[in-house]
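Enquirer: Structure below; questions to follow.
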Amino acid sequence: MDKYICLHGHFYQPPRENPWLEVIELPDSAYPFHDWHERITRECYAPNAAARLIDGQGRIGRMVNNYAKISFTFGPILMAWLAQNSPQVYQAILDADKESPKTLLDKDLS
Numbered sequence: 009m010d011k012y013i014c015l016h017g018h019f020y021q022p023p024r025e026n027p028w029l030e031v032i033e034l035p036d037s038a039y040p041f042h043d044w045h046e047r048i049t050r051e052c053y054a055p056n057a058a059a060r061l062i063d064g065q066g067r068i069g070r071m072v073n074n075y076a077k078i079s080f081t082f083g084p085i086l087m088a089w090l091a092q093n094s095p096q097v098y099q100a101i102l103d104a105d106k107e108s109p110k111t112l113l114d115k116d117l118s
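Just so we're aligned, residue 9 is where the sequence shown starts under the working numbering, counting upward by one.
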């Protein structure tokens, strides 16, 4: 009997703008980054867009976009922020969204 597992990532960040000022203020807890969007992008979203696979000699053997290997959703606030502030991560997510049906279903659906 074949066994399968599906990983699903739900990536979401709440609104962080001060509603009166319409800017993201500097939260101490996000230090050394400007804000939590920036911090979590650097610590999570960007590394998953270009995950390093180590070879037998401990060197980077290849890079993989983890998003293409899982089921995922991104909240609209986060996607808008990524489009504006981290376009390379934003594009990697869009690319993975196009690639994942081929990867997950093991056939070309284009």
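All C-beta atoms in this analysis are idealised placements derived from N, C-alpha and C, irrespective of residue type, glycine included. Predicted model only: the values in this text are computed from it and were never measured.
1) Report the partner residues of glutamate 25 according to the DSSP bridge assignment.
2) Could you tell me the alpha carbon to alpha carbon distance between aspartate 116 and aspartate 63, rounded to whole angstroms?
3) Apart from the five residues just before and just after asparagine 73, which ones in its own chain have a Cβ nearer than 6 Å to its Cβ?
4) Please give me, in chain order, every unbroken run of the beta strand (DSSP E) with length at least 3 that falls completely inside the stretch 52-102.
5) In three-state terms, what does DSSP make of histidine 42?
6) Within 10 angstroms of its Cβ, does threonine 49 collect 16 or more other Cβ (buried), or is it exposed?
7) Between glutamine 65 and glutamate 107, what straight-line distance do the alpha-carbon atoms span, to the nearest angstrom?
8) Using the C-alpha atoms, what's the distance from isoleucine 68 back to glutamine 96?
Expert: According to the structure shown:
1) Ile32
2) Here the model assigns aspartate 116 a pLDDT of 49, short of 50, so the residue's position is not dependable, and the following value carries that caveat. Distance between the alpha carbons of aspartate 116 and aspartate 63: 29 Å.
3) Ala57, Ala100 and Ala104
4) 59-62, 68-72 and 79-82
5) coil
6) buried
7) 29 Å
8) 20 Å
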